[in-house]
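As structure tokens, the structure follows; a few thoughts come after it.
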Amino acid sequence: MAPKKAKKRAAEGANSNVFSIFEQAQIQEFKEAFTIMDQNRDGFIDKNDLRDTFAALGRLNVKQEEIDDMLKEAPGPINFTIFLTMFGEKLKGADPEETILNAFKVFDPEGKGVLKKDYVTQMLTTQADRFSSEEMEQMFTAFPPDVAGNLDYKNLVHIITHGEEKDQE
25 MAPKKAKKRA
35 AEGANSNVFS
45 IFEQAQIQEF
55 KEAFTIMDQN
65 RDGFIDKNDL
75 RDTFAALGRL
85 NVKQEEIDDM
95 LKEAPGPINF
105 TIFLTMFGEK
115 LKGADPEETI
125 LNAFKVFDPE
135 GKGVLKKDYV
145 TQMLTTQADR
155 FSSEEMEQMF
165 TAFPPDVAGN
175 LDYKNLVHII
185 THGEEKDQE
């Protein structure tokens, strides 16, 4: 009987390590993100869930290869523990500026480096942890869009992570 318990404890330890990487508040945020992505609520993120998530973000013509490549990064079916483990691996040693920049790039598939103010407002006020109109006002006061209504997110990320405006090339 003892070896069985030892095996069980070892398995639990392997799974719980990923939960020790993050603070409880972060785990809760990842759980909310996982729940949003698990469109069919079966406890796993699959091809259809990813396609639906992209559609909800406004990307309607995502190539099947892109989705397949994302799923290949996982060692198996993506449940919450695998999801969290994958984030842990991605974030380990990641540069905070690069991590935040990559989050913005999801909304900029053409790689222009700017996002429309209206689009940013819509995303931040309707998805996940929704921003209030006051928070949006504060953000656009601190990081005003250009005259065309574009938000230079590369500069925004630089200011967030370094504290000063990047020299314009």
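Note that the sequence shown covers residues 25 to 193 in my numbering. Where a beta carbon is used, it is the ideal one built from N, C-alpha and C, also for glycine. In this text, all values refer to a predicted model and were calculated from it rather than measured experimentally.
Is the separation between the beta-carbon of residue i and that of residue j shorter than 8 Å?
i           : j           : result
residue 49  : residue 152 : no
residue 112 : residue 45  : yes
residue 178 : residue 125 : yes
residue 76  : residue 69  : no
residue 185 : residue 121 : yes
residue 181 : residue 104 : no
residue 160 : residue 149 : yes
residue 131 : residue 147 : yes
Give the range of the alpha helix (DSSP H) segment to which residue i is assigned.
i           : result
residue 64  : Run containing residue 64: none; DSSP gives neither H nor E here.
residue 175 : From DSSP, residue 175 is part of no alpha helix (DSSP H) but of the beta strand (DSSP E) over 174-176.
residue 72  : 71-80
Round the Cβ separation of residue i and residue j to the nearest angstrom and send it over; I've been treating them as touching at under 8 Å.
i           : j           : result
residue 108 : residue 94  : Going by Cβ atoms, the distance from residue 108 to residue 94 rounds to 16 Å, so no, they are not a contact pair.
residue 72  : residue 64  : 7 Å
residue 99  : residue 106 : 7 Å
**Report entry** Those runs of the alpha helix (DSSP H) which lie wholly inside the stretch 90-169 and span at least 4 residues
**Finding:** 104-115, 120-129, 141-150 and 157-166
Query raised in the report: Are the stretch 168-178 and the stretch 129-148 touching by the rule of at least three beta carbon pairs closer than 8 Å?
Result: yes
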